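Going line by line, the protein sequences match chains A and B. Position 148 of the first sequence, counting from 1, maps to 154 under the numbering used here, and the rest follow consecutively. Position 315 of the second sequence, counting from 1, maps to 321 under the numbering used here, and the rest follow consecutively. All C-beta atoms, glycine included, are put in the ideal place defined by N, C-alpha and C. Since this is a predicted model, take the numbers as computed values, not measurements.
Protein chains: 2
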Amino acid sequence: MSLIVQKYGGSSVATAERIKAVAARIAKRHDTGDQIVVVVSAMGDTTDDLIKLAAQITKQPPAREMDVLLSTGELVTSTLLAMALKDEGYQAISLSGAQAGIKTDSAYRKARITAVETKRIQKELEKGQIVIVAGFQGITDDDEITTLGRGGSDTSAVALAAALGAQVCERLTDTDGIYSADPRVVPEAKRLAEIGYEEMLELATYGNKVMQPRAIELAELYHIPILVASSFNDNPGTLIHGGVSMEIRNKVRSIAADMDVAKITIVGVPDKPGIAASIFVPLAQAGISIDTIVQNASVNKITDLTFTVTKDQMPEALKVSKGLAKKIGAKDIAADAKLGKVSIIGTGMQNTPGFAAKMFKTLCDKGINIELIATSEIRITCIIAEDKVKEAVRSLHQAFEVEE
Amino acid sequence: MSLIVQKYGGSSVATAERIKAVAARIAKRHDTGDQIVVVVSAMGDTTDDLIKLAAQITKQPPAREMDVLLSTGELVTSTLLAMALKDEGYQAISLSGAQAGIKTDSAYRKARITAVETKRIQKELEKGQIVIVAGFQGITDDDEITTLGRGGSDTSAVALAAALGAQVCERLTDTDGIYSADPRVVPEAKRLAEIGYEEMLELATYGNKVMQPRAIELAELYHIPILVASSFNDNPGTLIHGGVSMEIRNKVRSIAADMDVAKITIVGVPDKPGIAASIFVPLAQAGISIDTIVQNASVNKITDLTFTVTKDQMPEALKVSKGLAKKIGAKDIAADAKLGKVSIIGTGMQNTPGFAAKMFKTLCDKGINIELIATSEIRITCIIAEDKVKEAVRSLHQAFEVEE
Numbered sequence: 007m008s009l010i011v012q013k014y015g016g017s018s019v020a021t022a023e024r025i026k027a028v029a030a031r032i033a034k035r036h037d038t039g040d041q042i043v044v045v046v047s048a049m050g051d052t053t054d055d056l057i058k059l060a061a062q063i064t065k066q067p068p069a070r071e072m073d074v075l076l077s078t079g080e081l082v083t084s085t086l087l088a089m090a091l092k093d094e095g096y097q098a099i100s101l102s103g104a105q106a107g108i109k110t111d112s113a114y115r116k117a118r119i120t121a122v123e124t125k126r127i128q129k130e131l132e133k134g135q136i137v138i139v140a141g142f143q144g145i146t147d148d149d150e151i152t153t154l155g156r157g158g159s160d161t162s163a164v165a166l167a168a169a170l171g172a173q174v175c176e177r178l179t180d181t182d183g184i185y186s187a188d189p190r191v192v193p194e195a196k197r198l199a200e201i202g203y204e205e206m207l208e209l210a211t212y213g214n215k216v217m218q219p220r221a222i223e224l225a226e227l228y229h230i231p232i233l234v235a236s237s238f239n240d241n242p243g244t245l246i247h248g249g250v251s252m253e254i255r256n257k258v259r260s261i262a263a264d265m266d267v268a269k270i271t272i273v274g275v276p277d278k279p280g281i282a283a284s285i286f287v288p289l290a291q292a293g294i295s296i297d298t299i300v301q302n303a304s305v306n307k308i309t310d311l312t313f314t315v316t317k318d319q320m321p322e323a324l325k326v327s328k329g330l331a332k333k334i335g336a337k338d339i340a341a342d343a344k345l346g347k348v349s350i351i352g353t354g355m356q357n358t359p360g361f362a363a364k365m366f367k368t369l370c371d372k373g374i375n376i377e378l379i380a381t382s383e384i385r386i387t388c389i390i391a392e393d394k395v396k397e398a399v400r401s402l403h404q405a406f407e408v409e410e
Numbered sequence: 007m008s009l010i011v012q013k014y015g016g017s018s019v020a021t022a023e024r025i026k027a028v029a030a031r032i033a034k035r036h037d038t039g040d041q042i043v044v045v046v047s048a049m050g051d052t053t054d055d056l057i058k059l060a061a062q063i064t065k066q067p068p069a070r071e072m073d074v075l076l077s078t079g080e081l082v083t084s085t086l087l088a089m090a091l092k093d094e095g096y097q098a099i100s101l102s103g104a105q106a107g108i109k110t111d112s113a114y115r116k117a118r119i120t121a122v123e124t125k126r127i128q129k130e131l132e133k134g135q136i137v138i139v140a141g142f143q144g145i146t147d148d149d150e151i152t153t154l155g156r157g158g159s160d161t162s163a164v165a166l167a168a169a170l171g172a173q174v175c176e177r178l179t180d181t182d183g184i185y186s187a188d189p190r191v192v193p194e195a196k197r198l199a200e201i202g203y204e205e206m207l208e209l210a211t212y213g214n215k216v217m218q219p220r221a222i223e224l225a226e227l228y229h230i231p232i233l234v235a236s237s238f239n240d241n242p243g244t245l246i247h248g249g250v251s252m253e254i255r256n257k258v259r260s261i262a263a264d265m266d267v268a269k270i271t272i273v274g275v276p277d278k279p280g281i282a283a284s285i286f287v288p289l290a291q292a293g294i295s296i297d298t299i300v301q302n303a304s305v306n307k308i309t310d311l312t313f314t315v316t317k318d319q320m321p322e323a324l325k326v327s328k329g330l331a332k333k334i335g336a337k338d339i340a341a342d343a344k345l346g347k348v349s350i351i352g353t354g355m356q357n358t359p360g361f362a363a364k365m366f367k368t369l370c371d372k373g374i375n376i377e378l379i380a381t382s383e384i385r386i387t388c389i390i391a392e393d394k395v396k397e398a399v400r401s402l403h404q405a406f407e408v409e410e
């Protein structure tokens, strides 16, 4: 008998019918003798609907009230799933984040889990209950309800798996695993049987929307394997874990892409100490999140500074940059909002020469101009024209033989 | 400065627009310097929609899960109303039943309030907050969420008013008070400026659906005046309290009617000690709620026993009665499901002769046959044919000059 944590996403529990199907799936698993803790998201578009409802009341919904409002979505799913399981003759009980002992700080809308007090869950498991926990929510020491931010139910599931010492955290949604590239762009893309935490982190950060980086980091920290699989079929899925086989290490594992890139270049910046801080501190204060930063080599103590932001932050970033350029004596501002980025990811490229050269040559052969380059130990990212991103993904997928 | 508790019903908060209107109303009241605790129901048909959702999952939703599910409706309203008030520049905070300290026993779906721990509410009031409490819900000592049954938000409001020592509990909905009869039946029916607890209790029990008897009993016990008024206008409403003026005591205050009556007569019952128990204990065990019971005078140790139930319980009651009739040696069973009841209510009739005679004569003059009669100290009820109820209400309203 082992303990597993399963997490079902919003599309898997979008209707009463689907909740019943999920219950049947859990029941089958329970029949094998496993103890099961299930974390659920809100049904379908419930969270977005609640956000719209609040928007009808006020343009600036207070975060504390918003969190109580949003937390109701997962409560509804958890009770309905418990009802469906009991209707099938199984023992099941729903627990709110508070009842499940998920303690958080009081940063509403993006609370961090500070502790998981598992006493209640343990008690219910010992009674033979299947425990259904409302995801995405927790409670502060002052009994205030909080939510964990986008993708928060994944974080709830991994945190519970860690606290309970679960064997695996199964993340079940409408996608049946992690692919070598987006199958809508590269039809021959293949599902990966396994992937390391670091590779998955880079993938999630650089364009694969399947999982939020935060839950992956938490899983890595506590050595919790995550199985990403579909709730609609029995395909094997992708196992995210730390012990990925040696043989598949010397390879590019996946191509990630992201269309949401805008670039700003501050031209002719006097290159003196502290100049970067004088630009990026005010941008951060304006709430602008900077992705890549590139500073050219300085010629005659004059340099160009380029950085990228998401497209929705472009107008505000440009406004702030223009003010700064004047203040620091820069010559000009250039901007381009029609960019995207493509990344090759794999622990295989660590300390192995030739990956970058092959990537640049592949793009060059297709006549794709590289605007900016950014790298980590296991990732190379090129920023290119938005309308070239799909072609770049396809060519790189072929060049690096990712599907093999 | 005084402390008032206001309760807004589901139709008053059915849409974002109406919630904003309610917020404006509360804000105006707060401007007069009063401290305000507001109890809210779920928006419009939310509770019924949640019940339907559960019915799609299972025919027998477990009560514990149902209570968590239903409690979300009032949470949503409470957060939206707090948002609307903050948007208007007022300090406001929503509290769940648990946060508001409403402790209950663990009788799910119909929990009784055992205590109200007002510490948190007091703290928020001292900070100058308008406190919005999710009605209809509480929490047990084991941290389980409960609901208080139909009309439970009224009970929440009265309990909070009692625990906080509020000056008045204002119950605001889409009706603007208690009437001398249903205005849809009697166009000349008048709103009563005030009514005593006991009269209101009889009214609520005998067909006026405005308030649940339970909240009225609680208000009487703790001497909390309840103002029943409309949330859509500034009409004065009806004050339910203990100190109703002497002058209006010697009168029929209101005519109540109810169309939902079915009658069963067990004919030819051997009249011996314990016979009533042998009939009504099994009926109670079958979950059948008996309203009126009449036993005719016994002739030759043989009597007839008649009782009434609601129409939806008629088939089950008939089934049980037939089995019982055979067992106790009764001769026959007669049933009539097309009945209603009409009641005259007023403390004025206590120890005053003539009210009953006048009621019977009024009905007789209209050719309305009286099937059964039941009385309390301040009420006389006649059970008559369903299709005669409206005519009976109109004639009695006129005969007793209730509108004066």
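Query: Alpha carbon of Val-300 (chain B) to alpha carbon of Asp-342 (chain B), nearest angstrom; Result: 15 Å
Query: Under 7 Å (Cβ pairs) to chain B, residues found in the region 112-137 of chain A; Result: none
Query: The region 64-85 of chain A: positions lying closer than 7 Å to chain B by Cβ; Result: Thr-64, Pro-67, Pro-68, Glu-71, Val-74, Leu-75, Thr-78, Leu-81, Val-82 and Thr-85
Query: Own chain residues within Cβ distance below 6 Å of Leu-209 (chain B), not counting five before or after; Result: Ser-260, Ala-262 and Ile-351
Query: Members of the region 43-62 of chain B that neighbour chain A once the beta carbon cut-off is set at 8 Å; Result: Leu-56, Leu-59, Ala-60 and Gln-62
Query: For Gln-128 (chain A), three-class secondary structure by DSSP; Result: helix
Query: Candidates B:Arg-118, B:Leu-91 and B:Thr-271, of which the one nearest Leu-224 (chain B) by Cα; Result: B:Arg-118
Query: Secondary structure of Met-49 (chain B), DSSP reduced to three states; Result: coil
Query: Neighbour-count burial assignment, Val-395 (chain B), 16 or more Cβ in a 10 Å radius; Result: buried
Query: Secondary structure of Thr-152 (chain B), DSSP reduced to three states; Result: strand
Query: Best match in B:Leu-402, B:Ile-285 and B:Arg-177 for proximity to Lys-347 (chain B) [C-alpha to C-alpha]; Result: B:Leu-402
Query: Within 8 Å, strictly: CB atoms of Val-267 (chain A) and Thr-309 (chain A); Result: no
Query: Leu-198 (chain A), DSSP secondary structure in three states; Result: coil
Query: CB contact below 8 Å: Ile-25 (chain A) versus chain B; Result: yes
Query: Best match in B:Leu-311, B:Phe-406 and B:Leu-101 for proximity to Asp-73 (chain A) [C-alpha to C-alpha]; Result: B:Leu-101
Query: Per-residue contacts from Asp-147 (chain A) into chain B (C-beta, under 9 Å); Result: What Asp-147 (chain A) touches in chain B: nothing, since even the nearest Cβ is about 14 Å away.
Query: Backbone secondary structure at Ile-334 (chain A) - three-state DSSP; Result: helix
Query: Burial state of Leu-86 (chain B), where buried means 16 or more other Cβ atoms lie within 10 Å; Result: buried
Query: Whole-angstrom C-beta distance between His-247 (chain A) and Glu-200 (chain A), which should lie under 8 Å; Result: 6 Å
Query: Gln-143 (chain A): contacting residues in chain B (beta-carbon distance under 8 Å); Result: Correct list: empty, because the minimum Cβ distance to chain B is about 12 Å.
Query: Sequence-distant residues of its chain with Cβ nearer than 8 Å to Ser-304 (chain A) (five each side left out); Result: Asp-277
Query: Assigned exposure category for Arg-320 (chain A) - 16 Cβ within 10 Å defines buried; Result: The amino acid at residue 320 (chain A) is misidentified as Arg; the sequence shows Met. Result: buried.
Query: Interface residues of chain B facing Lys-34 (chain A) [CB-CB closer than 9 Å]; Result: Here the premise fails: no neighbours, minimum Cβ distance about 18 Å.
Query: Burial state of Leu-227 (chain B), where buried means 16 or more other Cβ atoms lie within 10 Å; Result: exposed
Query: contact_flag[the region 139-159 of chain B, the region 109-117 of chain B] where n(CB pairs < 8 Å) is 3 or more; Result: yes
Query: Of the residues A:Gly-280, A:Ile-270 and A:Pro-359, the one placed nearest Leu-378 (chain A), counting alpha carbons only; Result: A:Ile-270
Query: Residue range of the alpha helix (DSSP H) that includes Gln-291 (chain A); Result: 281-291
Query: Straight-line gap, His-36 (chain A) to Gln-143 (chain B) (C-alpha atoms, nearest Å); Result: 33 Å
Query: At least 3 beta-carbon pairs within less than 8 Å: the region 164-177 of chain B vs the region 39-57 of chain B; Result: yes
Query: Contact under 8 Å by Cβ, Val-139 (chain A) with Ala-106 (chain A); Result: yes
Query: Bridge-paired residues (DSSP) for Ala-268 (chain A); Result: A:Val-315
Query: Selected residue, minimal CA-CA separation from Ser-186 (chain B), among B:Ala-290, B:Gly-213 and B:Gly-50; Result: B:Gly-213
Query: As assigned by DSSP and simplified to three states, the class of Ser-84 (chain A); Result: helix
Query: Run of the beta strand (DSSP E) containing Lys-109 (chain A), from where it starts to where it stops; Result: 108-110
Query: Own chain residues within Cβ distance below 7 Å of Gly-141 (chain B), not counting five before or after; Result: Lys-13, Val-45, Val-46, Ser-47, Glu-80, Gly-158, Ser-159, Ser-162 and Ala-163
Query: Proximity below 8 Å, CB of Ile-108 (chain A) to CB of Glu-130 (chain A); Result: no
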